[in-house]
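K.L.:
Before we start, here is the structure in question, set down as structure tokens.
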Amino acid sequence: MLRPFRKIILTGVSKNNCRLFSLSQNYWNTNNKGLVLGVYEKEKEDGSLQFTEAGETFDRSVSGKLRELLSISGPALKKGKSRLFYGVHKEFPSVVVVGLGKTSAGVCNQENWDTGRENIRAAVSVGCRQLQDLEIPEVEVDPCGDPQSAAEGAVLGLFEYDELKQKKKTVVKTQLHGSADREAWGKGLLYAEGQNLARHLMEGPANYITPTCFAETIQKRLQSVSDKVTVHIRPKSWIEDHQMSAFLSVSKGSDEPPVFLEIQYNGSAHASLPPLVLVGKGVTFDSGGISLKPSSGMDAMRADMGGAATVCAAIVTAAALKLPLNIVGLAPLCENMPNGCANKPGDVVRAKNGKTIQIDNTDAEGRLILADALCYAHSFNPKAIVNAATLTGAMDVALGSAAAGVFTNSDWLWNHLNQASVVTGDRVWRMPLYQHYTRQVTESQLADLNNVGKYSRSGGACTAAAFLKEFVTAPHWAHLDIAGVMSNKDEVPYLRKGMSGRPTRTLVEFAARLSKDV
Ligand code: BES
Ligand code: ZN
Ligand code: MG
Numbered sequence: 230m231l232r233p234f235r236k237i238i239l240t241g242v243s244k245n246n247c248r249l250f251s252l253s254q255n256y257w258n259t260n261n262k263g264l265v266l267g268v269y270e271k272e273k274e275d276g277s278l279q280f281t282e283a284g285e286t287f288d289r290s291v292s293g294k295l296r297e298l299l300s301i302s303g304p305a306l307k308k309g310k311s312r313l314f315y316g317v318h319k320e321f322p323s324v325v326v327v328g329l330g331k332t333s334a335g336v337c338n339q340e341n342w343d344t345g346r347e348n349i350r351a352a353v354s355v356g357c358r359q360l361q362d363l364e365i366p367e368v369e370v371d372p373c374g375d376p377q378s379a380a381e382g383a384v385l386g387l388f389e390y391d392e393l394k395q396k397k398k399t400v401v402k403t404q405l406h407g408s409a410d411r412e413a414w415g416k417g418l419l420y421a422e423g424q425n426l427a428r429h430l431m432e433g434p435a436n437y438i439t440p441t442c443f444a445e446t447i448q449k450r451l452q453s454v455s456d457k458v459t460v461h462i463r464p465k466s467w468i469e470d471h472q473m474s475a476f477l478s479v480s481k482g483s484d485e486p487p488v489f490l491e492i493q494y495n496g497s498a499h500a501s502l503p504p505l506v507l508v509g510k511g512v513t514f515d516s517g518g519i520s521l522k523p524s525s526g527m528d529a530m531r532a533d534m535g536g537a538a539t540v541c542a543a544i545v546t547a548a549a550l551k552l553p554l555n556i557v558g559l560a561p562l563c564e565n566m567p568n569g570c571a572n573k574p575g576d577v578v579r580a581k582n583g584k585t586i587q588i589d590n591t592d593a594e595g596r597l598i599l600a601d602a603l604c605y606a607h608s609f610n611p612k613a614i615v616n617a618a619t620l621t622g623a624m625d626v627a628l629g630s631a632a633a634g635v636f637t638n639s640d641w642l643w644n645h646l647n648q649a650s651v652v653t654g655d656r657v658w659r660m661p662l663y664q665h666y667t668r669q670v671t672e673s674q675l676a677d678l679n680n681v682g683k684y685s686r687s688g689g690a691c692t693a694a695a696f697l698k699e700f701v702t703a704p705h706w707a708h709l710d711i712a713g714v715m716s717n718k719d720e721v722p723y724l725r726k727g728m729s730g731r732p733t734r735t736l737v738e739f740a741a742r743l744s745k746d747v
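For the sequence shown, the numbering used here gives the first residue as 230, with consecutive numbering after it.
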């Protein structure tokens with residue numbers, strides 16, 4: 230009899246792996262369902278554990294067995310940590326309990342986010358991944374008091390780009406556990422699937438995700454979620470007709486044809502209501518051109534279309550959510566390559582608004598393609614223009630992956646973007662648009678503007694923003710430099726390593742808020 234031992238560790242289940250078994254009745258299960266349940270860090274006054282509502286209900290259904298197992302299996306669960314139990318419940322052979330941190334966690338002014346929601350995303354993602362590693366195909370998730378955040382944690386946490394590998398991770402179907410708010414859960418699924426669409430496009434190799442493939446992917450996804458959409462995949466001849474010479478100058482260094490993607494979502498009851506215009510930098514590969522980048526780490530430049538990916542994914546999501554507003558999405562898509570036709574340092578091009586630009590560094594190509602796209606954005610009588618771009622390495626130097634930098638001429642836009650980001654946890658931080666920087670890009674030997682700042686290294690993200698401002702006359706414009714948040718190592722716990730798809734959810738939440746602000 231094994232009675233004296235309350236825990237048994239079975240080693241060698243697979244190489245370098247072991248599983249902890251807690252003894253209970255012997256169940257025979259044919260179904261293979263997992264359950265993720267949350268537990269708070271703070272113990273109750275009487276010293277007992279504090280489960281979530283769903284956790285409490287579950288524990289009662291197994292006569293307090295889970296509570297007992299938790300307390301005999303180790304110390305109180307810290308936030309983001311998990312413990313796995315087998316055989317506690319007939320319907321759920323595997324139950325993961327995850328630590329949610331303090332019950333009191335909420336919006337934190339220092340962190341500029343909602344810590345409670347972030348804790349839920351992180352904890353749920355840990356639990357779901359643990360069950361995915363056990364190859365469990367069906368998982369029910371505790372809403373943890375916020376079904377939207379729980380759904381986001383599950384769907385974001387499980388994403389892995391293994392489309393091009395023969396060995397793939399188990400596909401896990403996640404469901405809401407219990408009878409909590411299904412609508413909020415569904416909303417969370419859509420937000421997270423939106424971000425995963427951006428991750429798919431950003432992580433995908435540049436020989437797969439070409440400008441044409443990018444545009445067709447968005448067209449397919451958009452048309453599958455709503456019939457209130459139009460998609461135009463504009464070819465090179467259209468770009469020429471629209472005198473987007475700065476954009477064309479970048480694309481001509483590559484054999485891959487450029488595309489100007491224009492999408493519209495008409496969610497407002499009034500078709501003519503001024504739209505929110507979103508513009509995204511879509512460089513599907515940035516070699517630097519003649520100002521060639523160093524080869525180490527250059528593969529990451531397949532994600533230099535992160536601006537286009539996040540704004541288009543946000544529009545797909547807004548359409549799936551049926552948000553009551555009109556949105557236009559614009560993405561200049563091309564490669565930045567160094568062939569015999571490529572831009573040369575010192576070349577001068579004329580943008581759509583007539584301004585001439587001296588190209589002293591061909592690696593500062595994002596601002597060239599955005600210059601033309603921003604000019605074009607004004608033709609939609611926009612309520613606001615928001616652009617996103619992996620624009621400068623300097624942005625990464627300034628803020629790293631903590632937040633996207635926002636350069637804006639509008640306090641109204643800033644407030645909406647900032648408030649949206651507090652909710653999503655995908656943060657933004659305001660950066661300056663001083664004349665000080667404008668002077669550094671408007672001094673050029675040959676042209677009206679220079680595509681690099683006079684003191685090239687200093688304030689690189691700010692001079693890039695000042696350059697873009699030269700193509701904007703709209704009173705409500707914001708530029709998001711997302712170079713720093715482009716990829717994730719381990720900073721965001723609920724995203725695996727790889728391209729992040731940030732800040733898709735913040736853009737969706739922003740659009741949702743704008744649709745309520747009349
Ligand atoms: N795509 C890069 C910026 C970038 C760097 C994005 C790292 C993500 C991670 C952009 O096109 C670029 O090369 N910018 C130059 C501008 C410079 C030449 C003025 C840069 O940041 O070095
Ligand atoms: Zn670039
Ligand atoms: Mg570049």
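Cβ coordinates follow ideal geometry from the N, Cα and C atoms, glycine included.
(1) Hey, quick one: how far does the beta strand (DSSP E) through S480 stretch, first residue to last?
(2) Leaving aside the five residues before and after V506 along the sequence, list all residues of the same chain whose C-beta is less than 6 Å from its C-beta, in chain order.
(3) For a test of the three-state rule: what should DSSP assign to S323, helix, strand or coil?
(4) Short of 7 Å in beta carbon distance, which residues of its chain neighbour V681, apart from the five on each side in sequence? Order them along the chain.
(5) By how many angstroms is the C-alpha of D288 removed from the C-alpha of L266?
(6) Where does N338 fall in DSSP's three states?
(7) The ligand MG: which residues have Cβ under 5 Å from any of its heavy atoms, chain order?
(8) Please name the residue or residues paired with A532 in a DSSP beta bridge.
(9) Buried or exposed for G569, please, with buried defined as at least 16 other CB atoms from any protein chain shown within 10 angstroms of its CB.
(10) Give a yes or no on whether the C-beta atoms belonging to D371 and H406 are separated by under 7 Å.
(11) Sort G356, A383, K262 by Cα distance to K310 and report the nearest one.
(12) Only counting the same chain, and skipping five residues up and downstream in sequence, which positions put a Cβ closer than 6 Å to that of S744?
(13) Check whether the segment 506–519 touches the segment 527–536, counting contact only when three or more Cβ pairs, one atom from each stretch, lie closer than 8 Å.
(14) Just the Cα atoms here: how many angstroms apart are N348 and K465?
(15) So who's on the other strand from I614, going by DSSP bridges?
(16) Let me know if Y269 comes out buried or exposed under the rule of 16 or more other beta-carbons within 10 Å of its beta-carbon.
(17) Does the distance between the C-beta of T539 and the nearest non-hydrogen atom of the ligand BES fall short of 6 Å?
(18) Just the Cα atoms here: how many angstroms apart are M624 and A475?
(19) Return the chain-ordered list of same chain residues with a C-beta closer than 6 Å to the C-beta of Q404, the five sequence neighbours on each side being excluded.
(20) Would you say V540 and G509 are within 7 Å of each other, going by their C-beta atoms?
(21) Using a Cβ-Cβ cutoff of less than 7 Å, which residues in the same chain neighbour P503 once the five nearest sequence positions on both sides are dropped?
(22) Going straight from the alpha carbon of K581 to that of M473, what length do you get?
(23) Taking the C-alpha atoms as reference points, what is the distance between G730 and V737?
(24) Would N341 and R656 be called neighbours here (beta carbons separated by less than 7 Å)?
(25) So what does P561 bridge to, in DSSP terms?
(26) Just to confirm my understanding: we take Q254, look at its own chain, exclude 5 residues before and 5 after, and list those with CB closer than 6 Å. What are they?
(27) With hydrogens ignored, establish whether the beta-carbon of D625 is closer than 6 Å to any heavy atom of the ligand ZN.
(28) Using three-state DSSP, classify H461 as helix, strand or coil.
(29) Hey, is P504's beta-carbon within less than 7 Å of any beta-carbon in chain B?
(30) Kindly indicate which three-state DSSP category N555 falls into: helix, strand or coil?
(31) Which of the three DSSP states is assigned to Q254 in this structure?
(32) Applying the criterion that 16 or more other CB atoms from any shown protein chain within 10 Å of the CB defines a buried residue, is Q664 buried or exposed?
(33) Please list the terminal residues of the continuous alpha helix (DSSP H) segment that includes A379.
(34) Go through its chain and collect everything with a Cβ distance to M230's Cβ below 6 Å, but skip five positions before and after it.
(35) Do L419 and T286 come within 7 Å of each other at the CB atom, strictly closer than that value?
(36) What residue from K397, P440, C563, S455 has the CA that sits closest to V479's CA?
P.N.:
By the coordinates alone:
(1) Indexing the sequence shown from 1 puts residue 480 at position 251. S480: not part of any beta strand (DSSP E); member of the alpha helix (DSSP H) spanning 474–480, first to last residue.
(2) Looking up residue 506 in the sequence shown gives position 277. Hits under 6 Å: V557, A606, F609, P611, I614.
(3) Position 94 of the sequence shown holds residue 323. Strand.
(4) Translated into the one-based positions of the sequence shown, residue 681 becomes position 452. Within the same chain, V681 has close Cβ partners D589, N590, A593.
(5) Here residue 266 refers to the residue found at position 37 when the sequence shown is read from its first residue. Here residue 288 refers to the residue found at position 59 when the sequence shown is read from its first residue. Roughly 10 Å between the two C-alpha positions.
(6) Start at 1 with the first residue of the sequence shown, and residue 338 comes out as number 109. Residue state, collapsed to three classes: coil.
(7) D515, D592, E594
(8) Taking the first residue of the sequence shown as position 1, residue 532 is located at position 303. Answer by DSSP bridge pairing: none, since A532 is not bridged.
(9) Counted from its first residue, the sequence shown places residue 569 at position 340. Flag for G569 reads exposed.
(10) The residue given as residue 371 occupies position 142 in the sequence shown. The residue given as residue 406 occupies position 177 in the sequence shown. If you check the CB distance, D371 and H406 come in under 7 Å.
(11) For the purposes of this step, residue 310 is taken as residue 81 along the sequence shown, with counting starting at 1. Residue G356 is the option with its Cα nearest to K310.
(12) As a position in the sequence shown, residue 744 is number 515, starting the count at 1. L552, P553, L554.
(13) Flag = yes, the segment 506–519 and the segment 527–536 touch.
(14) As a working note, residue 348 is residue 119 in the sequence shown. As a working note, residue 465 is residue 236 in the sequence shown. N348 and K465: Cα-Cα distance of roughly 47 Å.
(15) Start at 1 with the first residue of the sequence shown, and residue 614 comes out as number 385. I614 is bridged to V506, W706.
(16) Position 40 of the sequence shown, counting from 1, holds the residue named residue 269. Label assigned to Y269: buried.
(17) Working through the sequence shown from its first residue, we reach residue 539 at position 310. Remark: the C-beta of T539 is outside contact range of the ligand BES, defined as less than 6 Å to any heavy atom.
(18) Residue 624 sits at position 395 when you count from the first residue of the sequence shown. Residue 475 sits at position 246 when you count from the first residue of the sequence shown. Taking the straight line from one Cα to the other gives about 23 Å.
(19) Taking the sequence shown and counting its residues from 1, the one referred to as residue 404 is at position 175. These residues qualify, in order along the chain: E369.
(20) Numbered from 1 along the sequence shown, position 311 holds the residue referred to as residue 540. Numbered from 1 along the sequence shown, position 280 holds the residue referred to as residue 509. Taking 7 Å as the Cβ cut-off, V540 and G509 qualify as a contacting pair.
(21) Working through the sequence shown from its first residue, we reach residue 503 at position 274. Answer for P503: N610, P611, K612, listed in chain order.
(22) Residue 581 sits at position 352 when you count from the first residue of the sequence shown. Residue 473 sits at position 244 when you count from the first residue of the sequence shown. Approximately 5 Å between the Cα atoms of the pair.
(23) Reading the sequence shown from its first residue, position 501 is the one you call residue 730. Reading the sequence shown from its first residue, position 508 is the one you call residue 737. Roughly 12 Å separates the two Cα atoms.
(24) By 1-based counting over the sequence shown, the position of residue 341 is 112. By 1-based counting over the sequence shown, the position of residue 656 is 427. Yes. Within cutoff.
(25) In the sequence shown, the residue the question calls residue 561 occupies position 332. DSSP lists F489 as the beta-bridge partner residues of P561.
(26) In the sequence shown, counting from the first residue as 1, residue 254 sits at position 25. Low confidence applies here, because Q254 scores a pLDDT of 43, under 50, leaving its location unreliable; read the following figure in that light. Counting only Cβ-Cβ distances below 6 Å, and skipping sequence neighbours, we find nothing.
(27) Looking up residue 625 in the sequence shown gives position 396. No.
(28) Mapped onto the sequence shown, residue 461 falls at position 232. Strand.
(29) Absent from the structure is chain B; it holds one protein chain and no more.
(30) Counted from its first residue, the sequence shown places residue 555 at position 326. Strand.
(31) Here the question's residue 254 lines up with position 25 in the sequence shown. Only weak support exists for where Q254 lies, its pLDDT of 43 falling under 50; the coordinates are left without a value.
(32) The residue labelled residue 664 in the question sits at position 435 within the sequence shown. Flag for Q664 reads exposed.
(33) Residue numbering aside, residue 379 sits at position 150 when the sequence shown is read from its first letter. 376–387 is the span of the alpha helix (DSSP H), which, as asked, contains A379.
(34) Walking along the sequence shown from the start, residue 230 turns up at place 1. Residue placement at M230 cannot be trusted, given a pLDDT of 37 that sits under 50; what the coordinates show is reported in the next sentence. Same-chain partners within the cutoff: there are none.
(35) Along the sequence shown, read from residue 1 onward, the residue named residue 286 stands at position 57. Along the sequence shown, read from residue 1 onward, the residue named residue 419 stands at position 190. Contact flag unset, no.
(36) Position 250 of the sequence shown holds residue 479. Nearest option by C-alpha distance: C563.
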